[in-house]
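Residue numbers (this note's numbering), protein chains in the order written: chain A, 8 to 314; chain Y, 58 to 488; chain F, 793 to 968. Think of the CB as a built atom: it goes at the ideal place given N, C-alpha and C, for glycine as much as any other residue. Report on one structure; see the data block that follows.
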């Protein structure tokens, strides 16, 4: 068993079998994470490099821990975005990292397509940890894993994704993944941040959150970037919360056993009310734990020897 | 040097010629063009002439490119006047109009003179400089049109830096009437374009790339047409890429606005936004590659005369600039050496006649900038190109004469290739 | 080419005998835990447990152990082995753990299994029970309980087929 490529650049390039394999493998690792000794020697002797061109404590920590739990050595390289304009080219940096002996290069970058650029140019496995506004495949995989854990299945569920769809790589990866596994997807948010074109992918688009949440199984909230305020996407966070903030009353429009997800970090009171974030529907912390298992699964499956 | 081209199929709409001819060249000028009654007969030996057998080939007036970036002065690592004109000759062009976005900007006579002196010393085709509309291309105050015109500029444009200020555009269109020179407009509403890097649509959303809506171009095309109407100035719209722009120009011409002309580029009638799907920065160009419906509308516009000119928007860049983050890569395609092949593809598919091709790539450009050329009439400069329609050409950017290897057409097989370009009687051939 | 080494009856007898040996060696079944190696070993472990209950009247916990993450061939294999579940129903620290596998060959799986078990806790002892020992050890590992010793050559393979996997119970020797 294995994935068909040496890299994980996006959900777009995976088929249903690949996704199932990763989720299946992840449940084995979830098991490992429940033990006293949470480390296995599966990738002993391998080296993982977190090549982060964008600050991210959360995702980097998750990948770092996943890699360590598989017994790989981990190096973190943070490149500040300001220095890339003048400094070393992307390709030179990546080749340098590879020359250090990296087997896995986990890359995050503010520009879409960077993992796609690097993957064919490197022998190392490239894992996309978020590229621009394109994709964040491991986040979507951990979301699927969490949904399946909570609801036992994905096919046939109604999933609402709420917020800044246009700029959200999490939303994009989730849309592709959920569609591939047979869920029905609704996108909810201000029309300035929910491109109409996405309707062509077979998803429903709502600007009215109350209607959009009606009877859904899953509410997936997105983080609102504060920088979008004042760029004309929405007038203020107060108005945003009024229209698209997840309150308890709104969450109750979903199915009784619906769960609330958020990729973090949350803006409490902007996109989600605290009582919902901490409420019984919330599976936000499960997502974090599952992220480890899923990232271990991805590294493990990409870790085979290549011809 | 005397040159004799025999048995070639001459297409010269200005003279009404579309048939087998013999052409005599002497002293850099066309001496005589003689229609051949019996093409099978090879002419007797002509002592003192270099004889070129063009049997089975097209002989066309030298092509004129209204829109190239030669990058010199300032960006010699991308292209120089020497390499750029060499690429032009290879591509079948005997004259190119070079855009002013150099460093320094060609916004005054001394830069114009520098370009022309370089061209005289190192060029392998005629270089026709285009001066900036505004000083420093900053879009604030008009540059010195008269002084630049006297130095040799044939048109004015802020290409690459659209004139956002409608009043300035109005003044440019008015003031250029003094010299009866065209204002070449790069139509793009920068605010609406929103820093986009490709066409806006489902593809841009799913690639996570900022999109530029077609309307960013169309709004400015409409504005500039209105301003041309208001001022009576001559407006030439650069690189038309959308169906809406074609419609706007068509409507303007229908209203009888003779002073409005338009150009498109080979990439806009050859490929769609799909070319950027794998984040290939060689397909990053501004305006961006659009959709199939736009490509069809552009072809339609070429056919019905809405679009007057095929120009390359030759925009060479260094490999290091195009390799890497798509967002950060500069826009542009190195187009001089694929333009004829891509246009001939339209001919091969029956979408364009040879006569129309010559009109779009030689006759109309010459008329718009008043440069002379565009015909093989006796007494004119001997500027011609010989194209072999039987020879397929596989695009290999590594073999480009241009320093810019940035082409999305690498590996394409094109149906014809220039085998010789004759500029002022000098023969450049690659046989 | 293929030759049957053990049939249903042979396997049953071997398991009965091994059960008796386990009881004898451990002086009963107290604090015993059987851990089968995925996948064939798990079935053998269950059968042994049933037999032990038959004899001693006590339920012996049976676990399943996945060794995929502990294998030593990371740098040679083309594709990663499937990760299966490890389920050990009891705390194994201070237990007498009997690792169970169907075929003992190079000993590498057992090495991996011992590491995997050690990561789960600190057993009092680890013993090894295998249905077939075909020789060719590459590590200093020896089984405590062997159903049947079968000398083989390296170009042969030994497969144990079990009813739990939808086959007829037998052990088969195959060669090219």
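By the beta-carbon neighbour count (other beta carbons within 10 angstroms, threshold 16), residue 37 (chain A) is buried. Annotation for residue 303 (chain A): the continuous alpha helix (DSSP H) segment containing it runs 291-309. Sequence-ordered contacts of the region 820-839 of chain F with chain A are nonexistent [C-beta pairs closer than 8 Å].
Residue contact with chain A for residue 262 (chain Y): present (Cβ-Cβ distance below 8 Å to some residue of chain A).
Using a Cβ-Cβ cut-off of 7 Å, residue 185 (chain A) is close to nothing in chain F; its nearest Cβ partner there is about 24 Å away. With three or more CB-CB distances shorter than 8 Å, the region 137-148 of chain A counts as touching the region 173-183 of chain A.
The alpha carbon of residue 855 (chain F) has as its nearest neighbour, out of F:808, F:838, F:813 and F:805, the alpha carbon of F:838.
In this structure, the CA atom of residue 68 (chain A) is about 27 Å from the CA atom of residue 384 (chain Y). For residue 150 (chain Y), the enclosing beta strand (DSSP E) stretches over residues 150-155. Relative to residue 129 (chain Y), the option among Y:184, Y:148, Y:151 and Y:104 whose CA is nearest is Y:184. Judged by DSSP in its simplified three-state form, residue 65 (chain Y) adopts strand. Taking 8 Å as the cut-off between beta carbons, the residues of the region 45-67 of chain A near chain F are 46, 47, 48, 49, 50, 51, 52 and 53, in sequence order. Given a length threshold of 3 residues, each whole run of the beta strand (DSSP E) inside the region 60-126 of chain A is given here in chain order: 80-85 and 111-116.
Residue pairing by DSSP leaves residue 39 (chain A) without any beta bridge partner. For residue 20 (chain A), no CB of chain Y lies under 8 Å from its own CB, so it is not counted at the interface with that chain. Contact between the region 216-223 of chain A and the region 249-265 of chain A is present, with at least three C-beta pairs closer than 8 Å.
Proximity of chain Y to residue 138 (chain A) at the Cβ level (cut-off 9 Å) is accounted for by 265, in chain order.
Put simply, the region 313-329 of chain Y touches the region 276-290 of chain Y. At least three CB pairs are less than 8 Å apart. Inter-residue distance for residue 818 (chain F) and residue 935 (chain F) is about 15 Å (C-alpha atoms, whole angstroms). Going by DSSP, residue 89 (chain Y) is part of the beta strand (DSSP E) stretching over 86-92.
Residue 227 (chain A) sits in a strand when the DSSP states are folded into three classes.
Straight-line spacing of the CA atoms in residue 243 (chain A) and residue 305 (chain A) works out to 39 Å. The beta carbon of residue 42 (chain A) sits closer than 8 Å to some beta carbon of chain F.
In this chain, the beta strand (DSSP E) harbouring residue 856 (chain F) covers 854-857. For the 8 Å CB-CB criterion, residue 859 (chain F) and residue 921 (chain F) do not form a contact. Residue environment analysis places residue 44 (chain A) among the exposed positions, since fewer than 16 neighbouring C-beta atoms fall within 10 angstroms of its C-beta. For residue 164 (chain Y), same chain residues with a beta-carbon under 8 Å away, outside a window of 5 residues either side, are 157, 188, 189, 191, 192, 193, 194, 200, 201 and 205 in chain order.
Here residue 280 (chain A) is buried, its C-beta having at least 16 other C-beta atoms within 10 Å. Three or more beta-carbon pairs separated by less than 8 Å are not found between the region 45-59 of chain A and the region 163-176 of chain A, which leaves the two stretches without contact. For residue 350 (chain Y), the enclosing alpha helix (DSSP H) begins and ends at 349-360. When DSSP assignments are scanned along the region 227-293 of chain A, the uninterrupted stretches of alpha helix (DSSP H) that are 4 or more residues long and fall wholly within it turn out to be 244-251, 255-258 and 281-284. Between the region 62-79 of chain Y and the region 110-122 of chain Y there are three or more inter-stretch CB-CB distances shorter than 8 Å, so the stretches are counted as touching. Exposed is the label assigned to residue 276 (chain A), since fewer than 16 other Cβ atoms lie within 10 Å of its Cβ. Rounded to the nearest angstrom, the gap between the Cα atoms of residue 61 (chain A) and residue 115 (chain A) is 6 Å. Separation of residue 217 (chain A) and residue 257 (chain A) (C-alpha to C-alpha, rounded to the nearest whole angstrom) is 6 Å. A direct Cα-to-Cα measurement between residue 966 (chain F) and residue 73 (chain A) gives close to 41 Å.
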